[in-house]
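See below for the structure under consideration.
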Amino acid sequence: MKFTAEKVLAKYEKTFIYKGQTINYLLYPAKSDKLIVCFTTLGPHIYERIRMLWEEDEKWSHNILFISDNSGSKAAGLFYLGSKVNPLIEEHTTELIKYIQATHNISSTITLGSSMGGYAAIYYAIKMDLLGAIAVVPQICEDVIFEFGWQKWKETISEMGTFRNLPFMIEEKEKLPKLYVQYGNYKPDLKAIERLKHSLEKKHGFFIFDYFEEESHTSNYMQKELIYRIADLFTYVSGDKRNEGGGVG
296 MKFTAEKVLA KYEKTFIYKG QTINYLLYPA KSDKLIVCFT TLGPHIYERI
346 RMLWEEDEKW SHNILFISDN SGSKAAGLFY LGSKVNPLIE EHTTELIKYI
396 QATHNISSTI TLGSSMGGYA AIYYAIKMDL LGAIAVVPQI CEDVIFEFGW
446 QKWKETISEM GTFRNLPFMI EEKEKLPKLY VQYGNYKPDL KAIERLKHSL
496 EKKHGFFIFD YFEEESHTSN YMQKELIYRI ADLFTYVSGD KRNEGGGVG
């Protein structure tokens with residue numbers, strides 16, 4: 296089937312009911328025990344990368360779950376964490392991922408996202424002890440956002456009330472997921488990556504940092520073929536020794 300948003304949504308969008316609330320999601324199913332979870336950037340999006348990861352023969356090598364976060368006063372998302380007004384976003388997200396894992400007999404899960412979605416990819420990979428995360432120009436911590444970030448990032452954090460800084464999570468965790476982080480020359484991203492690398496210096500694991508020379512907050516360099524290659528790499532190096540060796544590279 297040729298890609299059109301209307302047809303794809305009609306066929307593959309589903310609902311998940313949790314604690315009386317209906318959550319929409321989109322799933323490209325596969326005859327596979329592997330799952331990729333795609334998070335969105337900050338903004339009024341429905342789902343991100345559904346066109347990029349579409350296959351016209353409708354056969355996928357991985358199950359692909361698309362989760363949107365349209366919460367907040369501007370319906371632009373709250374980093375998949377929610378706020379005091381809507382505190383269940385994180386719980387909804389966690390339970391939806393668990394539901395897909397259980398109903399599709401998933402043995403390994405990788406997260407994927409850019410900017411806000413990149414933060415969510417790392418956050419949930421750490422929180423849920425997933426195989427790995429692919430993060431493009433991710434936000435990392437509150438102080439970098441308020442010193443160097445965009446105004447809409449700051450407004451979102453202020454609306455949330457609290458923000459969970461990834462370096463603190465990393466420090467508290469003994470075992471970490473595999474990470475593939477892509478970033479460029481844009482100052483807020485460089486500062487965020489500095490903090491992320493610093494937090495990983497004393498950790499053992501499989502961490503790849505992929506630098507591109509562009510001074511903008513962009514995700515143009517993360518294409519479908521690269522996503523699948525990274526997913527295969529994570530699977531190849533996984534196993535009982537998933538957090539031995541490696542380091543910041």
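Mapped onto the working numbering, the consecutive letters of the sequence shown carry residue numbers 296 to 544.
For every residue, glycine included, the Cβ atom is placed at its ideal position computed from N, Cα and C.
{"Item": "Whole-Å CB distance - alanine 526 paired with isoleucine 362, under 8 Å assumed", "Value": "Actually they do not touch by this definition, with Cβ atoms about 17 Å apart."}
{"Item": "N- and C-terminal bounds of the alpha helix (DSSP H) containing aspartate 424", "Value": "No alpha helix (DSSP H) contains aspartate 424, which DSSP labels as neither H nor E."}
{"Item": "Opening and closing residue of the beta strand (DSSP E) in which threonine 317 lies", "Value": "316 to 323"}
{"Item": "CB contact flag (glutamate 437, glycine 367, <9 Å)", "Value": "no"}
{"Item": "Burial state of glutamate 430, where buried means 16 or more other Cβ atoms lie within 10 Å", "Value": "First, the amino acid is wrong: residue 430 is alanine here, not glutamate. By the 10 Å Cβ count, alanine 430 comes out buried."}
{"Item": "With 16 other Cβ atoms within 10 Å as the buried cut-off, status of isoleucine 312", "Value": "exposed"}
{"Item": "C-beta atoms of leucine 348 and isoleucine 522 nearer than 9 Å", "Value": "yes"}
{"Item": "Where tyrosine 487 falls: helix, strand or coil (DSSP)", "Value": "A quick correction: the sequence has alanine, not tyrosine, at residue 487. Correct three-state label for alanine 487: helix."}
{"Item": "Whole-Å CB distance - glycine 427 paired with lysine 473, under 8 Å assumed", "Value": "3 Å"}
{"Item": "Nearest-angstrom Cα separation, counted from leucine 337 out to glutamate 450", "Value": "11 Å"}
{"Item": "Terminal residues of the beta strand (DSSP E) in which serine 403 lies", "Value": "403 to 409"}
{"Item": "CA nearest to the CA of valine 439, picked from Arg344, Ala305, Asn460", "Value": "Asn460"}
{"Item": "Where the beta strand (DSSP E) through phenylalanine 458 begins and ends", "Value": "Per DSSP, phenylalanine 458 belongs to no beta strand (DSSP E) and is neither H nor E."}
{"Item": "Inter-residue spacing [alpha-carbon to alpha-carbon] between leucine 383 and glycine 377", "Value": "6 Å"}
{"Item": "Counterpart residues of tyrosine 478 in DSSP-defined beta bridges", "Value": "Tyr506"}
{"Item": "Cβ-based burial, arginine 346 [other Cβ within 10 Å; buried from 16]", "Value": "exposed"}
{"Item": "CB of valine 432 within 9 Å of CB of tyrosine 478, strictly", "Value": "yes"}
{"Item": "Any alpha helix (DSSP H) of 4 or more consecutive residues that is wholly inside the segment 316 to 389", "Value": "none"}
{"Item": "Proximity below 9 Å, CB of alanine 416 to CB of phenylalanine 334", "Value": "yes"}
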